[in-house]
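Below is one structure, written out as structure tokens; the observations come after it.
4 protein chains.
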Amino acid sequence: MHAKIPVGILGATGMVGQRFIQLLEHHPWFEVTWLGASERSEGKPYAEAAKWRMKTAMPKHIASMMVSSAEPKGAPKLVLAALDSKAAAHIEPKFVEAGHILVSNSAALRMDADVPLVIPEVNAGHLKLVESKKAAGKGFAVTNPNCSTIGLVMALSPLQQKFGLESIFVVTMQAISGAGYPGVASWDILGNVVPYISNEEEKMEAESRKLLGDLGDGEISMADFRISAQCNRVAVEDGHTESVAIKLRRKASAEEILAAWREFRPLDGLHLPSAPPQPVIYETRPDRPQPRFDVDAGKGMATVVGRLRPCSLLDWKFTVLSHNTIRGAAGAALLNAEIMKAQGYLG
Amino acid sequence: MHAKIPVGILGATGMVGQRFIQLLEHHPWFEVTWLGASERSEGKPYAEAAKWRMKTAMPKHIASMMVSSAEPKGAPKLVLAALDSKAAAHIEPKFVEAGHILVSNSAALRMDADVPLVIPEVNAGHLKLVESKKAAGKGFAVTNPNCSTIGLVMALSPLQQKFGLESIFVVTMQAISGAGYPGVASWDILGNVVPYISNEEEKMEAESRKLLGDLGDGEISMADFRISAQCNRVAVEDGHTESVAIKLRRKASAEEILAAWREFRPLDGLHLPSAPPQPVIYETRPDRPQPRFDVDAGKGMATVVGRLRPCSLLDWKFTVLSHNTIRGAAGAALLNAEIMKAQGYLG
Amino acid sequence: MHAKIPVGILGATGMVGQRFIQLLEHHPWFEVTWLGASERSEGKPYAEAAKWRMKTAMPKHIASMMVSSAEPKGAPKLVLAALDSKAAAHIEPKFVEAGHILVSNSAALRMDADVPLVIPEVNAGHLKLVESKKAAGKGFAVTNPNCSTIGLVMALSPLQQKFGLESIFVVTMQAISGAGYPGVASWDILGNVVPYISNEEEKMEAESRKLLGDLGDGEISMADFRISAQCNRVAVEDGHTESVAIKLRRKASAEEILAAWREFRPLDGLHLPSAPPQPVIYETRPDRPQPRFDVDAGKGMATVVGRLRPCSLLDWKFTVLSHNTIRGAAGAALLNAEIMKAQGYLG
Amino acid sequence: MHAKIPVGILGATGMVGQRFIQLLEHHPWFEVTWLGASERSEGKPYAEAAKWRMKTAMPKHIASMMVSSAEPKGAPKLVLAALDSKAAAHIEPKFVEAGHILVSNSAALRMDADVPLVIPEVNAGHLKLVESKKAAGKGFAVTNPNCSTIGLVMALSPLQQKFGLESIFVVTMQAISGAGYPGVASWDILGNVVPYISNEEEKMEAESRKLLGDLGDGEISMADFRISAQCNRVAVEDGHTESVAIKLRRKASAEEILAAWREFRPLDGLHLPSAPPQPVIYETRPDRPQPRFDVDAGKGMATVVGRLRPCSLLDWKFTVLSHNTIRGAAGAALLNAEIMKAQGYLG
């Protein structure tokens with residue numbers, strides 16, 4: 001039996017950092033050996049530095065692990081990053097510079113031309129962007145999209161492959177956990193809807209086009225569909241729900257669309273530990289998907305789609321749900337690390 | 001001082017019926033003299049028949065008023081109706097047949113060709129549809145739109161007048177009170193989003209086109225824009241929030257659109273007691289409107305709009321909020337009764 | 001390998017019935033072979049009769065199982081019952097009369113002198129009440145307490161054993177799922193507290209004294225402590241939280257009380273499949289237990305206690321949490337069936 | 001017409017400061033002329049310094065008023081204070097020292113022997129504690145109790161007067177607004193109960209005994225009842241609900257208790273603008289009071305009581321509700337300022 005690959009968690013005390021620790025507890029390939037966080041936490045055992053807010057218990061060996069400062073020194077080669085965007089902007093480049101492989105959930109580097117923005121089921125090929133750096137023994141970063149983008153793009157990817165996408169309209173109803181901790185004040189969201197999330201619409205529109213874009217000769221050309229996003233916060237704990245409408249380049253029947261989703265299993269055979277067996281699940285019940293019942297589909301790694309019906313403006317309307325701190329954050333980065341391992345990017 | 005006009009409330013014990021009673025408590029023109037409800041309530045004093053769920057106290061003279069059966073006999077000429085759709089379908093025609101003026105919040109008759117579907121600020125002229133019946137001394141019905149339609153159409157009306165509407169995209173996040181009582185089970189909505197409300201999308205699409213249609217030679221021609229609606233239920237008590245995108249026939253700047261909303265005061269000078277001084281209020285704060293803070297604007301009779309910004313797919317995106325049981329139900333019917341009084345339809 | 005024991009579920013379509021099905025899906029001893037429900041469901045496959053509201057999927061063989069009427073004919077000898085109280089009052093006796101072993105979650109028979117009211121960790125010995133009926137080959141009923149009683153009594157039982165209880169004060173904050181489906185209307189509970197649950201305080205006070213009472217010569221003598229309960233409903237999905245204060249007959253230190261809870265493992269060695277390894281878990285974090293984080297402790301079968309501190313009126317104050325539809329309903333009945341199997345009451 | 005008395009608001013940008021501004025908007029006696037807040041806000045117009053979170057609009061003259069630093073210089077003689085406890089501990093004494101009359105909502109000085117802790121309906125006589133300072137032309141402070149104490153003590157005061165109190169048991173279910181802004185993180189409270197509020201139980205127990213204590217010869221002797229409090233946070237916006245049990249020194253019937261509450265109108269004749277006409281309202285409906293429906297009773301200044309019933313441990317049980325940011329904070333301090341004006345303490 002091979003030893004597990006050591007991984008560091010950067011931003012280990014926050015909500016996404018805690019999810020990383022939870023998801024990695026019994027991981028067959030990776031093992032957490034280093035925890036990095038802000039100065040406030042540095043030098044304390046994790047149990048003291050972090051206010052644990054997961055429903056499962058804090059793993060024991062993590063509880064007593066000392067938290068390091070958010071500096072490359074001492075960190076293992078592979079680092080999963082869950083810093084907030086501001087901190088990420090000046091900390092992440094230091095890790096890349098120091099030769100680390102940074103698999104980041106932050107927005108800081110996502111749209112950089114030489115940084116792959118990856119959903120393994122959708123555009124694993126974009127990882128080639130880092131091949132020259134890897135060959136040169138340099139550090140590099142790989143990112144996953146924003147929590148509201150990922151469910152949408154997983155639902156769109158098989159449709160774009162089969163029919164082409166011309167226009168996309170999306171309105172989100174996003175869970176509070178997407179804002180981190182303490183995040184949204186209860187006074188602002190209890191019994192309320194907040195029709196604004198800073199910079200979220202811009203991220204969804206830009207990231208979707210990069211994710212579904214083509215890697216040509218060394219650079220990504222953005223997908224040429226038009227997309228309009230409106231983002232709202234609602235009083236849900238976990239799970240972003242999205243009302244979507246699309247116009248396809250080639251007309252498709254409901255049956256063809258359902259088949260495209262059903263048959264979309266691009267990772268079959270790779271045996272990635274965190275990959276959901278069915279990445280896009282179609283729920284036939286008329287009032288589904290719902291965060292209450294469907295957010296944990298595929299252990300929180302699947303995207304659940306429902307209510308496919310004709311749109312009187314574009315072609316089709318449907319609802320998308322995905323877990324925003326698993327598939328939309330920690331699980332996304334972890335699956336990126338897994339496909340990178342499977343394809344030799346970590347070696 | 002003139003005596004007040006007697007009004008009956010049909011469906012007096014439900015949520016909308018209770019709102020009618022609350023809004024009419026100190027009304028300068030109308031006075032509740034008759035309460036009709038289902039057999040279960042018949043013959044009981046209202047205080048016993050209704051489980052009162054308003055935040056203000058039940059008016060004393062209403063508490064002791066005896067509830068009648070939902071039959072025309074004994075009801076005054078003017079009846080405000082708040083029956084659920086099934087009951088309305090067979091009860092409302094009886095009242096019209098018996099010569100009553102029925103101002104109804106129900107969906108049963110809304111799309112009938114000879115029944116005006118009216119928002120006073122938008123299409124008061126459609127009331128002409130009933131002139132011949134009125135002249136003949138017959139009964140007739142006037143309806144208001146569905147709770148999710150009314151805020152949208154109030155925001156759209158000035159834009160259609162000034163610039164013309166080509167396409168409309170709307171996604172709703174609707175409050176639980178829109179479903180009546182007991183309505184949505186708490187197990188289904190607490191911490192959840194339900195992406196389905198039976199028949200709601202169809203209503204929004206059809207009613208919008210009738211409301212913004214033209215009354216030609218004795219009949220309404222539906223407005224010729226295209227509209228696509230997606231309806232969701234969220235854990236909000238009162239106030240439907242809607243994410244809207246529109247394409248205009250004539251391009252307009254943000255300033256022109258804001259001016260159209262600001263100057264939209266078609267009822268000025270009529271002194272209708274329930275008309276909000278500013279029917280469409282634009283909120284400049286970036287994260288507004290929100291149900292928590294804005295639902296009671298104009299005593300719940302105004303529509304609050306915010307976040308006007310360009311749309312990468314159509315022309316403009318914005319957020320609309322309106323109170324679903326005041327402006328979207330009881331207040332809507334009451335304002336219809338008021339404009340009918342002002343324009344001589346009740347005489 | 002022995003065949004599993006066939007069990008019927010009476011009241012199979014409701015919330016607790018669904019929990020039974022969920023908990024029995026992979027049960028090592030029992031197998032669901034019969035589903036009984038009201039006339040409305042009779043003759044339909046379960047998938048059609050029940051609106052499934054669990055987070056896990058409906059088991060396939062259950063989905064296609066035909067629902068029977070709520071009559072003994074055709075039911076297996078062992079029946080787990082989840083009827084509402086009204087239905088239970090006239091249906092449950094029929095099953096007992098017909099010779100069935102009825103393990104019921106309903107309140108109907110709980111306080112009958114010849115019916116054991118059992119929590120296996122607390123008073124398994126009370127099962128002896130049915131021995132003569134069993135010996136005579138007759139049917140009999142065994143019940144579990146109300147959802148708000150069970151967590152309290154599990155926390156109290158080791159204290160009564162070691163120190164004796166003189167007085168108990170308890171105020172509950174109960175989850176909506178305790179009211180079944182549709183249960184509490186969302187309008188009544190969203191952002192609200194309802195300080196009343198019909199008959200709940202009476203049940204808590206009476207059941208606690210029977211559960212902690214002694215089985216003397218063929219009958220239960222009620223425990224002689226005094227108990228005062230106040231019951232509230234709050235906007236929580238699953239998990240009843242209770243603020244408790246107690247006066248002991250023999251003074252005990254905090255350490256002695258913590259030890260009593262820690263050492264309370266009366267089922268050790270019995271290997272009951274649904275028994276939690278640690279029935280009473282003490283949480284040391286100062287703001288716990290909380291439904292959000294602790295409700296699933298011991299797979300929803302443990303009681304979580306926290307905040308032990310002196311009381312200026314009685315002796316000690318603490319907070320109790322338990323899962324109201326698992327430990328407080330379906331899991332309670334199932335564990336009763338398990339201990340009955342282990343002790344030969346099913347044979 | 002006399003000029004209004006100028007008042008300053010210390011801590012003007014927080015939740016309670018905003019409530020002060022809202023309640024003073026049309027006040028007949030007082031006029032806001034000065035706003036003090038932390039350094040971050042100093043020198044900015046209020047509209048820019050404060051994120052307004054009230055449902056009514058920010059008063060216009062307040063919006064443009066410049067915010068001062070939290071220093072006595074420039075503040076009017078009468079200052080209403082809404083600082084958080086930490087800030088209050090070092091800022092409030094400076095205002096007293098500088099000769100101001102400080103009417104404070106903070107906990108900092110409440111239990112000081114020479115500072116009156118006052119609810120006008122309960123212990124206005126305690127204001128005499130400041131007479132010598134007033135006579136000497138010195139500054140002094142008057143405080144109101146904690147938001148969870150005030151509703152309880154208003155309900156208890158008439159019972160103590162008529163029957164005497166021996167023991168009190170109280171469990172609170174407190175609204176999120178009691179924690180200020182941002183206060184409780186939505187992740188911590190949505191669908192949850194938090195059984196802990198720092199230092200709240202200690203405050204309730206101590207403040208109740210001071211409020212209901214006697215002012216003997218220049219000092220307050222604490223009331224001699226025993227009181228045990230347990231405090232919980234629930235997902236309610238405004239309104240603390242409390243489950244109470246009491247033992248009286250002289251036995252009283254339910255009718256006598258109801259009469260004591262009904263006849264408790266100690267401020268009648270004083271015409272204080274913010275005093276509720278009926279300070280303690282008894283709700284007869286079996287499931288009331290509820291925050292949803294009753295929190296605004298008496299414009300948020302009344303205490304609503306319900307469910308009076310015998311207690312099997314003490315004498316009586318009942319439920320208390322009061323508005324925590326009006327009666328429990330800003331309204332409490334304002335009413336204190338009003339009675340001080342009426343009794344000559346401001347002159």
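Protein chains in written order, with the numbering used here: chain D, 1 to 347; chain G, 1 to 347; chain W, 1 to 347; chain E, 1 to 347.
From the three backbone atoms N, C-alpha and C, an ideal C-beta is built for every residue, glycine too.
As the structure is a computational prediction, the values presented were derived from the model and not from experiment.
D188/G (DSSP reduced to helix, strand or coil): The residue labelled residue 188/G in the question sits at position 188 within the second sequence. Helix.
Minimum C-alpha distance to V32/E - residue among P45/E, V16/E, K51/E, P76/E: What you label residue 32/E is simply residue 32 of the fourth sequence in a count that begins at 1. Looking at the Cα atoms, P76/E is the closest of the given residues.
Under the three-state DSSP convention, the category R249/E falls into: Stepping through the fourth sequence from its first residue, residue 249/E is reached at position 249. In this structure, R249/E counts as coil in the three-state DSSP scheme.
Whole-Å CB distance - V295/G paired with N232/G, under 8 angstroms assumed: Position 295 of the second sequence, counting from 1, holds the residue named residue 295/G. Position 232 of the second sequence, counting from 1, holds the residue named residue 232/G. Not a contact, Cβ separation roughly 17 angstroms.
Bridge-paired residues (DSSP) for E242/W: Sequence index remark: in the third sequence, residue 242/W carries index 242 (1-based). Paired residues: T172/W, V320/W.
Sub-8 angstroms separation of V122/W and S208/W beta-carbons: The count along the third sequence starts at 1 and reaches residue 122/W at position 122. The count along the third sequence starts at 1 and reaches residue 208/W at position 208. No.
Interface flag, G191/G vs chain E, CB-CB below 8 angstroms: Translated into the one-based positions of the second sequence, residue 191/G becomes position 191. Judged by the 8 angstroms Cβ criterion, G191/G is in contact with chain E.
A98/G beta carbon less than 8 angstroms from that of P116/G: Numbered from its first residue, the second sequence carries residue 116/G at position 116. Numbered from its first residue, the second sequence carries residue 98/G at position 98. No, these two residues do not count as a Cβ contact at 8 angstroms.
Given P286/D as reference, the closest of N105/G, N199/G, L248/G once Cα atoms are compared: Position 286 of the first sequence, counting from 1, holds the residue named residue 286/D. Of N105/G, N199/G, L248/G, the residue nearest in Cα terms is N199/G.
7 angstroms Cβ shell around D238/W - same chain, five flanking residues per side excluded: For the purposes of this step, residue 238/W is taken as the residue at position 238 of the third sequence. Once the five neighbours on either side are set aside, the close Cβ partners of D238/W are A175, S177, P291, V295, H323, N324, T325.
Alpha-carbon spacing of E348/W relative to K60/W, whole angstroms: No statement about residue 348/W is possible, as the shown extent of chain W runs from 1 to 347 and does not include it.
Residue-chain proximity (T284/E, chain W), Cβ-Cβ < 8 angstroms: Mapped onto the fourth sequence, residue 284/E falls at position 284. So, not an interface residue.
Residue range of the unbroken alpha helix (DSSP H) whose run includes Q22/E: The residue given as residue 22/E occupies position 22 in the fourth sequence. 15 to 24 is the span of the alpha helix (DSSP H), which, as asked, contains Q22/E.
Distance between L258/D and V16/W (C-alpha atoms, nearest Å): In the third sequence, the residue the question calls residue 16/W occupies position 16. In the first sequence, the residue the question calls residue 258/D occupies position 258. Cα-Cα distance, rounded: 34 angstroms.
Contact residues within the stretch 291 to 324 of chain G, judged by C-beta distance below 8 angstroms to chain E: The residues in question are R292, F293, D296.
Neighbour-count burial assignment, M340/D, 16 or more Cβ in a 10 Å radius: As a first step, residue 340/D is located in the first sequence; it is residue number 340 there, counting from the start. With 16 or more other Cβ atoms within 10 Å, it is buried.
Alpha carbon of I246/G to alpha carbon of V236/D, nearest angstrom: To locate residue 246/G, count along the second sequence from 1; it is residue 246. To locate residue 236/D, count along the first sequence from 1; it is residue 236. Those two C-alpha atoms are separated by around 28 angstroms.
Chain W contact for I9/G (CB, 8 angstroms cutoff): Looking up residue 9/G in the second sequence gives position 9. Answer no: the Cβ-Cβ gap between I9/G and chain W never drops below 8 angstroms.
Of the listed residues W34/G, A229/G, L267/G, nearest to P195/G (C-alpha basis): Counted from its first residue, the second sequence places residue 195/G at position 195. Per the Cα distances, A229/G.
Residues of the stretch 172 to 198 of chain G with Cβ closer than 7 angstroms to any Cβ of chain W, in chain order: I176, S177, Y181, P182, G183, V184, A185, S186, W187, I189, L190, G191
Start-end ranges of the beta strand (DSSP E) lying completely within the stretch 264 to 322 of chain G, minimum 3 residues: 280 to 283, 303 to 310, 316 to 322
Chain D contact for E200/E (CB, 8 angstroms cutoff): Reading the fourth sequence from its first residue, position 200 is the one you call residue 200/E. No, because no Cβ of chain D sits closer than 8 angstroms to the Cβ of E200/E.
Cβ contact (3+ pairs, closer than 8 angstroms) linking the stretch 298 to 308 of chain W and the stretch 147 to 163 of chain W: Counting Cβ pairs under 8 angstroms, three or more are found: they touch.
Segment contact, 8 angstroms Cβ cut-off, at least three pairs: the stretch 93 to 108 of chain G with the stretch 141 to 149 of chain G: yes
Residue environment, H240/E, which counts as buried when at least 16 other CB atoms sit within 10 Å: Position 240 of the fourth sequence, counting from 1, holds the residue named residue 240/E. Buried.
Alpha-carbon spacing of V320/E relative to L308/E, whole angstroms: Your numbering for residue 320/E matches position 320 in the fourth sequence. Your numbering for residue 308/E matches position 308 in the fourth sequence. One Cα belongs to V320/E, the other to L308/E, and the distance between them is close to 10 angstroms.
Extent of the continuous beta strand (DSSP E) to which S198/G belongs: Numbered from 1 along the second sequence, position 198 holds the residue referred to as residue 198/G. No beta strand (DSSP E) contains S198/G, which DSSP labels as neither H nor E.
Neighbour flag for K55/G against chain E, beta carbons, 8 angstroms: Taking the second sequence and counting its residues from 1, one reaches residue 55/G at position 55. Judged by the 8 angstroms Cβ criterion, K55/G is in contact with chain E.
Buried versus exposed call for L313/D [16 or more other C-beta atoms within 10 Å across all chains shown]: Residue numbering aside, residue 313/D sits at position 313 when the first sequence is read from its first letter. So L313/D ends up on the buried side.
Contacting positions in the stretch 238 to 255 of chain G - beta carbon closer than 7 angstroms to chain D: T241, S243, A245
Contacting residues, own chain, Cβ-Cβ under 6 angstroms from Q160/E (five flanking each side not counted): The residue you call residue 160/E lines up with position 160 of the fourth sequence. For Q160/E, where only same-chain residues beyond five positions count, the Cβ hits under 6 angstroms are L212.
Neighbourhood of K162/G by C-beta, 6 angstroms cutoff - its chain only, sequence neighbours within 5 removed: Counted from its first residue, the second sequence places residue 162/G at position 162. So the list reads A260, once near-sequence residues are dropped.
Check whether G164/D and R226/D have beta carbons under 8 angstroms apart: Working through the first sequence from its first residue, we reach residue 164/D at position 164. Working through the first sequence from its first residue, we reach residue 226/D at position 226. Not in contact: G164/D and R226/D (Cβ atoms no closer than 8 angstroms).
C-beta neighbour in chain G for A235/W, strict 8 angstroms: Counting from 1 along the third sequence, the entry for residue 235/W is found at position 235. Yes, A235/W counts as interfacial toward chain G.
DSSP bridge partner residues for M66/D (one or two, in chain order): The residue given as residue 66/D occupies position 66 in the first sequence. In the DSSP secondary-structure assignment, M66/D is bridged to P45/D.
Within 8 angstroms, strictly: CB atoms of L35/G and A70/G: One-based indexing of the second sequence puts residue 35/G at position 35. One-based indexing of the second sequence puts residue 70/G at position 70. Not a contact, by the Cβ cut-off of 8 angstroms.
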